[in-house]
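Engineer:
Next comes the structure, spelled out in structure tokens:
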């Protein structure tokens, strides 16, 4: 049979501190993931713009 003990005040504070730390770390990881996704999107957009410019140049042909 499992016996549940009451947490001491110190233990309760430790659990609360750990919870706050985990929330902070979770928020930081989410922020890091957003930043990485934004950077990847910017790189993809830049590549697409370069390709589009090449296609436009090809379609225009020589302007001599």
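Numbering (the numbering used here), first residue to last: 67 to 130.
The C-beta atom is built at its ideal place from N, Cα and C for all residues, glycine as well.
Starting from residue 71 and walking both ways along the alpha helix (DSSP H), at which residues does that stretch end?
Structural biologist: Counting along the chain, residue 71 falls outside any alpha helix (DSSP H), and DSSP gives it neither H nor E.
Engineer: Just checking my contact of residue 91 with residue 81 at CB under 8 Å: how many whole Å lie between their CB atoms?
Structural biologist: Contact doesn't hold; Cβ gap of about 16 Å is too wide.
Engineer: DSSP three-state label for residue 97, please.
Structural biologist: Of the three classes helix, strand and coil, the one that applies to residue 97 here is helix, per DSSP.
Engineer: Between residue 114 and the ligand MG, is there a pair consisting of the residue's CB and a ligand heavy atom that are separated by less than 7 Å?
Structural biologist: No copy of the ligand MG occurs in the structure displayed, which carries no ligand at all.
Engineer: Whose C-beta lies closer than 8 Å to the C-beta of residue 77 among residues of the same chain, with five residues either side of it excluded?
Structural biologist: Correct list: empty, nothing qualifies.
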